[in-house]
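Chemist: Each residue of the sequence shown is one higher than the one before, starting from 227 at the first, in the working numbering. Below you'll find the structure I mean.
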Amino acid sequence: MRLFACLLLTIAVAGIGRGHADATLYRYVATGSLPVVPSIDDPGFQADALAAHNVERRLVGAPPLVWSTRLAEESEAWAAALAKAGVMQHAPQRAHGENLWSNTANRRTVGSMIGGWSIEKYQYIPGALHPNVSKTRDWHAVGHYTQMVWSTTTQVGCAIARGGNRDYLVCRYAPIGNWVGQAAYSVAKAPKG
């Protein structure tokens, strides 16, 4: 319930009530769960994962991401490995960006998992160059969010696996974001509101 309240705050602060963004893009925020782990081929899963990313990108003027089957397949393999091992750790690969989420099984929708990353924007310093991008002085506090909105990233693929009593979400991004000396997006191109 606390995450849901934070996401509602995110919507209010983002200007949804003032008409600055399309509230229909936030349909994924509703409370709910995943009684069945969705397939990476499920159009609804893909649409919700894309919407959760692209609403944040739209708010900062970054172009929308498109779904990558290849990245989803990579995410699926890593999510299965995490679920089997019962651990949360990044893959040893460095070819793609990667965001991870884990929670009690059947507790969150894919949109609310991804929405959890977007809350990091309140610690982000717009226009700052990586790695000096967080009000906490630790870029890891905003690294999920900055990868979500990294303006030169064009593709995403996500997958969920269930292991024990946990759901593991992995999203991979191409091209990779969070480059030292670069900003996540152009503040000058962000919509004014």
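No residue lacks a Cβ here, since even glycine has one placed at the ideal position from N, Cα and C. All values reported here derive from a predicted model rather than from experimental measurement.
1) Can you list, in chain order, the residues of its chain with a C-beta nearer than 7 Å to that of S301? Leave out the 5 residues immediately preceding and following it.
2) So if DSSP puts Y371 in a beta bridge, which residue, or which two residues, is it bridged to?
3) What do you get for Q272, buried or exposed, if any count of 16 or more other CB atoms within 10 angstroms of its CB means buried?
4) Quick one: give me the first and last residue of the beta strand (DSSP E) that G383 is part of.
5) Would you report the Cα separation of V325 and P417, rounded to the nearest angstrom?
6) Among W365, D393, T330, which has the Cα closest to the Cα of K347?
7) According to DSSP, is G270 part of a helix, a strand, or is it coil?
8) Please report the residue range of the alpha helix (DSSP H) in which T378 lies.
9) Who are the Cβ neighbours of P261 in its own chain at under 7 Å, not counting the five residues just before and after it?
10) Just the C-alpha distance for V263 and R320, rounded to the nearest angstrom, thanks.
11) Beta-carbon within less than 7 Å of K310's beta-carbon, same chain only, minus the 5 sequence neighbours each way: which residues are those?
12) On the criterion of 16 or more Cβ atoms from any shown chain inside 10 Å, does V336 qualify as buried, or is it exposed?
13) Among P289, S294, V281, which has the Cα closest to the Cα of P269?
14) Thinking W420 and G312 are a contact (beta carbons under 8 Å), I'd like their distance in whole angstroms, please.
15) With A400 and I340 assumed to form a contact (beta carbons below 8 Å), what rounded beta-carbon distance in angstroms separates them?
16) What alpha helix (DSSP H) runs, 4 residues minimum, are completely inside the segment 270 to 346?
17) I'd like to confirm the pairing. Which residues does DSSP put opposite L395 in its beta bridges?
18) Mind checking L355: buried by the 16 CB within 10 Å criterion, or exposed?
19) Skipping 5 residues on each side, what residues in its chain have a beta carbon closer than 6 Å to that of W376?
20) How many angstroms separate the CA atom of H370 from the CA atom of A305?
21) Near N358, what residues of its chain come up, given a Cβ to Cβ distance below 8 Å and the 5 sequence neighbours on each side ignored?
Modeler: This is what the structure holds:
1) G383, C384, A385, V396, C397, R398
2) Checking the DSSP bridge columns, you'll see Y371 has no partner listed.
3) buried
4) 381 to 389
5) Going by the sequence as given, residue 325 is Asn instead of Val. About 25 Å.
6) W365
7) helix
8) T378 -> no alpha helix (DSSP H), and no H or E assigned at all.
9) N332
10) 27 Å
11) G389
12) buried
13) S294
14) Past the edges of the chain, shown from 227 to 419, lies residue 420, and the structure says nothing about it.
15) About 17 Å; that fails the 8 Å criterion.
16) Listed in chain order, the alpha helix (DSSP H) elements of length 4 or more contained wholly in the segment 270 to 346 are 295 to 311, 336 to 344.
17) Residue pairing by DSSP places L395 opposite W327, I386 in a beta bridge.
18) exposed
19) G403, A410
20) 17 Å
21) I351, W365
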